[in-house]
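Colleague: Sharing a structure here in structure tokens format.
Protein chains: 2
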Amino acid sequence: MPYYIGDVITDYKKLVIRTPEDFQKNGINVRIKTRVEDIDSQKGLVRLSDNSSLPFDILVMATGADAARLDIPGADLDGVFVLRNLTDALRLKAYLNEKECRKAVIIGGGYIGMEMCEAMKNLGIQTTVLDVLPRPVIRWDAEFAKMIVDELGKNKVPFLPETRPLAIEKGIESRLVLKTDKGALDADVILMGVGTRRNAALAKAAGVEMGESGAIKVDFRQQTSREGIYAVGDCCEVFHRVAQRWVYFPLGDIANKQGRVAGQNIGGRPTEFPGIVGAQSFKVFNLEVGATGLTEEEALAYGFQPVSAMIWGLPIGRPMAKGEKLGVKLVADKTTGKLLGGQCIGEKGAVQRIVGLSVALWSGLPIEEVGYLDLPYAPPFGGAWDAIHVAAQELMKRM
Amino acid sequence: MPYYIGDVITDYKKLVIRTPEDFQKNGINVRIKTRVEDIDSQKGLVRLSDNSSLPFDILVMATGADAARLDIPGADLDGVFVLRNLTDALRLKAYLNEKECRKAVIIGGGYIGMEMCEAMKNLGIQTTVLDVLPRPVIRWDAEFAKMIVDELGKNKVPFLPETRPLAIEKGIESRLVLKTDKGALDADVILMGVGTRRNAALAKAAGVEMGESGAIKVDFRQQTSREGIYAVGDCCEVFHRVAQRWVYFPLGDIANKQGRVAGQNIGGRPTEFPGIVGAQSFKVFNLEVGATGLTEEEALAYGFQPVSAMIWGLPIGRPMAKGEKLGVKLVADKTTGKLLGGQCIGEKGAVQRIVGLSVALWSGLPIEEVGYLDLPYAPPFGGAWDAIHVAAQELMKRM
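Protein chains in written order, with my numbering: chain S, 1 to 399; chain X, 1001 to 1399.
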């Protein structure tokens, strides 16, 4: 008899929080507002927060990760939020409405910062993004990050680089004041988007082996070191096909696929998760931004000999273009000639290229082949020489 | 000393026709309004239409293909056009302007028909498309073709299926009348988009070997059967990586790549053209349409055991969707489990998927891996399970 144990049940498709009864109709037992205190993997027992126990033959660890909260004074004041799950989102939305927020500060120029500054701005809230680092979304090339900062600027969202939050206090003009090493900022709402913390302690305590990254170690079938215990999602590692090693890569689509693979194996159909290549993307105002594979820094750290080329091309055919730009950066390995990674940015077509590059990385294609890939050319979608080809041909010259 | 011999020199990047002087500045000799009458491949001589001869060590055949013109009475009347090159386009444009055309009929529901009906409509010209076949762009699934016909209808462009043109005559109400087996149609301008005819006769006469398709046979370096004679573009064959055979596939991006490969080889840098997978796309009003690889019919003809699945998914994440549809059809080989082809259609994101599927075909990926490909997930660009994954998972069930 399958049990789901957790805090709440969220239905992302319908953007609602569900009751256990919704699931019991379908024969799934759900215990909400219940924690697993510990796991006895020898006896096959989980001890719950109400002191009862449940026996198991198969256990799936899907404990995910929590949004990190900066350890500064005032970090838990009313009006300071993190954003991790649907409950967080509904809570933030209610606050924005009820308190008629006019000013927001977002701490962190990562995905949460990029996606939420647009959402806040669309609600008419004056929004500022800051980061301790010199630029937002640090995994992207500095020239691409500049285009993002310009896009934020065009939309009246200031980005404050190298700014360290020190404390949050109650304000007078506004509900809150964020003190930083560069001065104070008024805010009615403060959102922290400063990364995640994997929830692997429960598994660790049960004697489940951790990987090098500190997340739960799994095999290609999502099995942990303990028979009968599986792990999926942001609490466990995943195999990176380009790096050829197990890494920690907490993204929602990977979690989904791992869940399916675990389910297939548990249900008796042996299935292996073929791994990832590090594909990712986001939208910020009118910019598409994507990346896949390894950056030069990562490639170096993993022992490759990275060579890179960056070009500014067009997302559509030249005769149709009206000033659009598409930046493409490619990284390849000098030793093997293989593509190692790519980044794209532009008003349109950036994600389209990252899709192609991701499949090229998946398949381990050499950069020479990337320069001649057969892509669905038509002027509304690219040139006869696509920006991918141009970047690859440029990179070939440097190999 | 390199010579270019041809009718005109077009510069597509700037959409102009160039003079020989533009090229002579850069040391390239150009003979326009000159035909090559025959080639003596033994002596290395081309005889020109002015009865002079030019010696060659290396000869590149880039004779392309001509737009076919229906062999019906009145096919060469003033106001009847084909569309192949920049000169054709400029001639048509001038006619539309000068004659103040109000009604257009396009014969042929292929790429030319789909792209030109939108262009005509945007000029305020009442436009009808007809075809002898039961639906437009016959290579796409009937259900997808229906979506295209609906899109034409929404834009007030009637599509007349199974309609055979019989004759063109001068009109009274309008400049021309197209007689068909289903009745007569008034038109001020008639455009024939009924396919191409490869120009391989000159090469054939010179003893250059033809491929099974009837186009010039080449190897991976674009060399023909005669040493020193290369062929590129719409006059020659190309290797299809999925079909694993040489085929005739006259598309502009392929021609471009073949030209580069021939140039590299001639210039002393041995380069092989890695072939194509059949990627193609077009836009018609608000629809993106793309295909890659083999259809079921082609797959059968080439000896595969095709199995297919079609799904209607979403081009973006479900919570952001506002009724958009994305159709994905995949074909795989039952024997090997490999992906053989794909088709997509939708208001957005169709080409993005065809890019991914094209690289998957390029790499010979099995359908199982297509179902787990790592794609750059973000809600503005797709679901955590992308439409590609959903279609592939559906197809897996049928294998």
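For each residue, glycine too, the CB sits at the ideal point set by N, CA and C.
Quick check: the Cα distance between X/R1175 and X/C1101, rounded to an integer number of angstroms?
Modeller: Taking the straight line from one Cα to the other gives about 9 Å.
Colleague: Quick one: is S/V400 buried, meaning 16 or more other Cβ sit within 10 Å of its Cβ, or exposed?
Modeller: Nothing in the structure corresponds to residue 400 of chain S, since chain S is present only between 1 and 399.
Colleague: Using a cut-off of 8 Å between C-beta atoms, extract the partners of S/L373 located in chain X.
Modeller: Correct list: S1358, V1359 and W1362.
Colleague: For X/S1053, which residues in chain S fall below 8 Å Cβ to Cβ?
Modeller: By Cβ distance, chain S contributes nothing, its closest Cβ being about 34 Å from X/S1053, past 8 Å.
Colleague: Which bits of chain S does X/R1031 rub up against, with CB to CB less than 8 Å?
Modeller: Ordered by position in chain S, no residue passes the 8 Å Cβ test against X/R1031, which lies about 25 Å from the chain.
Colleague: Are S/F81 and S/V129 close, meaning C-beta to C-beta below 7 Å?
Modeller: Against a cut-off of 7 Å, the Cβ pair of S/V129 and S/F81 comes out as no contact.
Colleague: Run through the DSSP bridge pairs and tell me what S/R310 is partnered with.
Modeller: One point to set straight first is that residue 310 of chain S is Met, not Arg, in the sequence displayed. According to DSSP, S/M310 bridges with S/K329.
Colleague: Using a 10 Å radius around the Cβ and a threshold of 16 neighbouring Cβ atoms, would you call X/Y1372 buried or exposed?
Modeller: It is buried - the Cβ of X/Y1372 has at least 16 other Cβ atoms within 10 Å.
Colleague: Could you tell me which residues DSSP pairs with X/I1190 in its beta bridges?
Modeller: Bridge partners of X/I1190: X/V1080 and X/V1105.
Colleague: How about S/Y3 and S/N26: do their beta carbons lie closer than 7 Å?
Modeller: Going by C-beta atoms, S/Y3 is not nearer than 7 Å to S/N26.
Colleague: With DSSP as the reference, label S/N286 as helix, strand or coil.
Modeller: Residue state, collapsed to three classes: coil.
Colleague: Check the C-beta distance from S/I112 over to S/P165 and give it rounded, since I have them as a contact under 8 Å.
Modeller: At roughly 15 Å, the Cβ-Cβ gap does not stay under 8 Å, so S/I112 and S/P165 are not in contact.
Colleague: For the ligand NAD, is there a heavy atom less than 6 Å away from the beta-carbon of X/M1192?
Modeller: Of ligands this structure carries none, so the ligand NAD is not represented either.
Colleague: Identify the contact partners of X/Y1377 in chain S, using a Cβ-Cβ distance below 8 Å as the criterion.
Modeller: What X/Y1377 touches in chain S: L251, G252, D253, A279, Q280 and S281.
Colleague: Where are the beta strand (DSSP E) runs, 3 residues long or more, that stay fully inside the segment 1231 to 1265 of chain X, in chain order?
Modeller: You should have 1238 to 1240 and 1245 to 1247.
Colleague: Use the C-beta contact count for X/A1387: other C-beta atoms within 10 angstroms, 16 or more gives buried, fewer gives exposed.
Modeller: With 16 or more Cβ atoms within 10 Å of its Cβ, X/A1387 is classed as buried.
Colleague: Between S/E369 and chain X, is there a C-beta pair that is closer than 7 Å?
Modeller: It does; some Cβ of chain X falls within 7 Å.
Colleague: What is the DSSP secondary structure of S/F381, reduced to helix, strand or coil?
Modeller: S/F381: coil per DSSP, three-state reduction.
Colleague: Say whether chain X places a C-beta atom closer than 7 Å to the C-beta of S/P274.
Modeller: So, interface residue.
Colleague: Check the C-beta distance from X/E1369 over to X/M1396 and give it rounded, since I have them as a contact under 8 Å.
Modeller: So it is not a contact: roughly 10 Å between Cβ atoms.
Colleague: Taking the continuous beta strand (DSSP E) assigned at X/M1061, which residues delimit it?
Modeller: Here the beta strand (DSSP E) through X/M1061 covers L1059 to M1061.
Colleague: What do you get for X/E1162, buried or exposed, if any count of 16 or more other CB atoms within 10 angstroms of its CB means buried?
Modeller: Classification for X/E1162: exposed.
Colleague: Hey, X/D1434 and X/T1196 are a contact pair by Cβ (cut 8 Å); roughly how many whole angstroms apart?
Modeller: A question about residue 1434 of chain X goes unanswered here, because the residues of chain X that appear run from 1001 up to 1399.
Colleague: Considering only residues of the same chain and omitting the five flanking positions on each side of S/K334, which have a CB-CB separation below 7 Å?
Modeller: Correct list, in chain order: Q305, V307 and M399.
Colleague: Could you tell me how far apart the beta carbons of X/I1375 and S/V208 are, in whole angstroms, since I believe they sit closer than 8 Å?
Modeller: Residue identity check: residue 1375 of chain X is Leu in the sequence provided, not Ile. Actually they are not in contact, since the Cβ atoms of X/L1375 and S/V208 sit about 30 Å apart, beyond 8 Å.
Colleague: Below 9 Å on C-beta distance, what does S/G290 contact in chain C?
Modeller: Here chain C cannot be found, since the structure's protein chains are S and X.
Colleague: Helix, strand or coil, according to DSSP, for S/Y4 in the structure here?
Modeller: The answer is strand: DSSP assigns S/Y4 an E or B state.
Colleague: Measure the C-alpha to C-alpha separation of X/M1320 and X/P1379 and round it to an integer number of angstroms.
Modeller: Going from the Cα of X/M1320 to the Cα of X/P1379 covers about 7 Å.
Colleague: When we look at the beta-carbon of X/D1188 and count the other beta-carbons within 10 Å, is it buried (16 or more) or exposed?
Modeller: Classification for X/D1188: buried.
Colleague: Could you tell me the alpha carbon to alpha carbon distance between S/E272 and X/I1058, rounded to whole angstroms?
Modeller: Taking the straight line joining both Cα atoms gives about 53 Å.
Colleague: Can you check which of these residues, X/Y1248, X/I1172 and X/N1155, is closest to X/F1285 by C-alpha distance?
Modeller: Cα-wise, what sits closest to X/F1285 is X/N1155.
Colleague: With DSSP as the reference, please indicate the residues paired to X/I1229 in a beta bridge.
Modeller: According to DSSP, which records beta bridges pairwise, X/I1229 is partnered with X/L1059.
Colleague: Which whole runs of the beta strand (DSSP E) in the segment 346 to 379 of chain S are 3 residues long or more, in chain order?
Modeller: Segments of the beta strand (DSSP E) lying fully in the segment 346 to 379 of chain S: there are none.
Colleague: Which chain X residues are close to S/A384, counting only those with a beta carbon under 7 Å from its beta carbon?
Modeller: Correct list: G1252, D1253 and N1256.
Colleague: State the Cα-Cα distance for the pair X/T1295 and X/F1220, rounded to the nearest angstrom.
Modeller: Those two C-alpha atoms are separated by around 25 Å.
Colleague: Does the Cβ-Cβ distance between S/G64 and S/N199 come in under 7 Å?
Modeller: Yes, the Cβ-Cβ distance between S/G64 and S/N199 is below 7 Å.
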